[in-house]
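Student: Under this note's numbering, think of the first position of the sequence shown as 654, with each following residue one higher. Every residue, glycine too, gets a C-beta built ideally from N, C-alpha and C. Handing you a structure now.
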Amino acid sequence: MSALRRRTAELLDANRPDDRPSRYLDWFLIAMILANVVAIVLESVASISARYGWFFLRFELFSIAVFTLEYLARLWSCVEKPLDQPDAPRQTRGAWARSPLGLIDLLAILPFYLLLLVPLGTQPALILKVFRALRLLRIFKLTRFSPAFNVLLTVARREAPVVLVALSALFLVLMLAAWGIYLLEHRLQPEAFGSIPRAMWWAVITLTTVGYGDVVPLTHGGKIFAGLIALVGVAIMALPAAIMASGFHREVHQRSQSYQHALEQALSKDGLSEPEAVHLELMREELGISPSEADRIFKQARNARAGSSHCPHCGEKL
Numbered sequence: 654m655s656a657l658r659r660r661t662a663e664l665l666d667a668n669r670p671d672d673r674p675s676r677y678l679d680w681f682l683i684a685m686i687l688a689n690v691v692a693i694v695l696e697s698v699a700s701i702s703a704r705y706g707w708f709f710l711r712f713e714l715f716s717i718a719v720f721t722l723e724y725l726a727r728l729w730s731c732v733e734k735p736l737d738q739p740d741a742p743r744q745t746r747g748a749w750a751r752s753p754l755g756l757i758d759l760l761a762i763l764p765f766y767l768l769l770l771v772p773l774g775t776q777p778a779l780i781l782k783v784f785r786a787l788r789l790l791r792i793f794k795l796t797r798f799s800p801a802f803n804v805l806l807t808v809a810r811r812e813a814p815v816v817l818v819a820l821s822a823l824f825l826v827l828m829l830a831a832w833g834i835y836l837l838e839h840r841l842q843p844e845a846f847g848s849i850p851r852a853m854w855w856a857v858i859t860l861t862t863v864g865y866g867d868v869v870p871l872t873h874g875g876k877i878f879a880g881l882i883a884l885v886g887v888a889i890m891a892l893p894a895a896i897m898a899s900g901f902h903r904e905v906h907q908r909s910q911s912y913q914h915a916l917e918q919a920l921s922k923d924g925l926s927e928p929e930a931v932h933l934e935l936m937r938e939e940l941g942i943s944p945s946e947a948d949r950i951f952k953q954a955r956n957a958r959a960g961s962s963h964c965p966h967c968g969e970k971l
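The following block contains the structure:
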């Protein structure tokens, strides 16, 4: 049973680059997720839903069966240690179920089973629509197969305090904009700026530079104030994006440095052994480094090692 559980963990987590069944399973699950998204979108078209409703129902039942088996298999096999990390602490099933990826897998199937708890024919139409819309959460299952998305999540967690400060500044400017335009325009346009909450709609579309044009200031003071708010909005709205972009660049650079350090340590010996090559490939995938970038790092490390083994003056081997 332990061997079967370990093999299940290997198939689901792709512990070896040369494990073709694991790769095929990954591609099958990715295809299932994308097909589910397409089916949910097409099902929202009344004419298509009326004509192919039987197909969507059968495909939904098949998808639920596949994703349920996947969830149970991951829950059962998550206690196995990764082959490339034999010293890692053993993960409990409760810890995996509470992890972000575990919760995403659960949310992918939960709406279907919740609907089964409601007697047939008594489900309100709104609840049915909500639960059907929740099936779109299955698209988040793709994060398991996208190292780049995991990099983005890592950056979001690390930069969350700074982004929160930027969002707080944005909210402060939003309130000041609504308050200012209310003072300047509420007498002339009470239907649009009669209160600060009403003025907040104008403040939002102005700060975001969307400018629908449905509500505009008419007084000279209001127009001048609106111009200033628009200029401030460009700077304020750019802050969160700039913070995330900077954090993303820093994270990618740190991961490249970690991979380069591991590669240089491996090359410092006589040559790369097969276990070391497998470990480096797994590390590359885990860090989200592209094959072309890994090849560039390898050539750079190899050239640096070749240069360090020869005298920089005479070129003789040291």
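Three Cβ pairs or more, each shorter than 8 Å: is that satisfied between the region 866-880 and the region 889-908?
Tutor: no
Student: Pairing CB atoms from the region 722-734 with CB atoms from the region 745-756, are three or more of them under 8 Å?
Tutor: Taking 8 Å as the limit for Cβ pairs, the verdict is that the region 745-756 does touch the region 722-734.
Student: When the Cα of residue 794 is compared with those of 949, 655, 690, which residue comes out closest?
Tutor: 690
Student: For residue 678, I'd like the list of residues in its chain whose CB is within less than 8 Å of its CB, leaving aside the five on either flank, ordered along the chain.
Tutor: 664, 665
Student: In or out: residue 859 buried (at least 16 other Cβ within 10 Å) or exposed?
Tutor: buried
Student: Is DSSP giving residue 686 helix, strand or coil here?
Tutor: helix
Student: Among 903, 946, 832, which residue has its Cα nearest to the Cα of residue 875?
Tutor: Closest by alpha carbon: 832.
Student: With 16 other CB atoms within 10 Å as the buried threshold, where does residue 930 fall?
Tutor: exposed
Student: Which residues in the same chain have their Cβ closer than 6 Å to the Cβ of residue 792, if we skip the five residues on either side of it in sequence?
Tutor: 690
Student: Determine the direct distance from the alpha carbon of residue 785 to that of residue 760, and round the result to whole angstroms.
Tutor: 12 Å
Student: Determine whether the beta carbon atoms of residue 808 and residue 946 lie at a separation below 8 Å.
Tutor: Going by C-beta atoms, residue 808 is not nearer than 8 Å to residue 946.
Student: For residue 865, count neighbouring Cβ atoms within 10 angstroms of its own Cβ and tell me buried if that reaches 16, exposed if not.
Tutor: exposed
Student: What are the boundary residues of the alpha helix (DSSP H) that residue 711 is part of?
Tutor: Residue 711 -> alpha helix (DSSP H) spans 699-730.
Student: Please look up how many angstroms separate the CB atoms of residue 798 and residue 683, rounded, as I've assumed it's under 8 Å.
Tutor: Indeed, because the Cβ distance is near 6 Å, the residues count as touching under 8 Å.
Student: Where residue 721 and residue 828 are concerned, what is the direct C-alpha to C-alpha distance, given to the nearest angstrom?
Tutor: If I take the Cα positions, the gap works out to 47 Å.
Student: Measure the alpha-carbon distance for residue 885 versus residue 846 and round it to whole angstroms.
Tutor: Taking the straight line joining both Cα atoms gives about 20 Å.
Student: Quick one: what does DSSP say residue 942 is sitting in, helix, strand or coil?
Tutor: coil
Student: For residue 830, which of 849, 842, 939 has the nearest alpha-carbon?
Tutor: Checked all of 849, 842, 939; the closest Cα to residue 830 is 849.
Student: Which of the three DSSP states, helix, strand or coil, is assigned to residue 788?
Tutor: helix
Student: Roughly how many angstroms lie between the CA atoms of residue 898 and residue 862, to the nearest whole one?
Tutor: 21 Å
Student: Given residue 919, which residues of its chain have a CB within under 6 Å of its CB, disregarding the five upstream and five downstream residues?
Tutor: 925, 929
Student: For residue 834, which of 822, 815, 871, 817 has the nearest alpha-carbon?
Tutor: Selected option, being the one with the closest Cα: 871.
Student: Tell me the DSSP secondary structure of residue 759 in three-state form.
Tutor: helix
Student: Residues in the same chain with beta-carbon distance under 7 Å from residue 717, minus the five sequence neighbours each way, listed in chain order, please.
Tutor: 762, 765
Student: What's the C-alpha gap between residue 825 and residue 819?
Tutor: 10 Å
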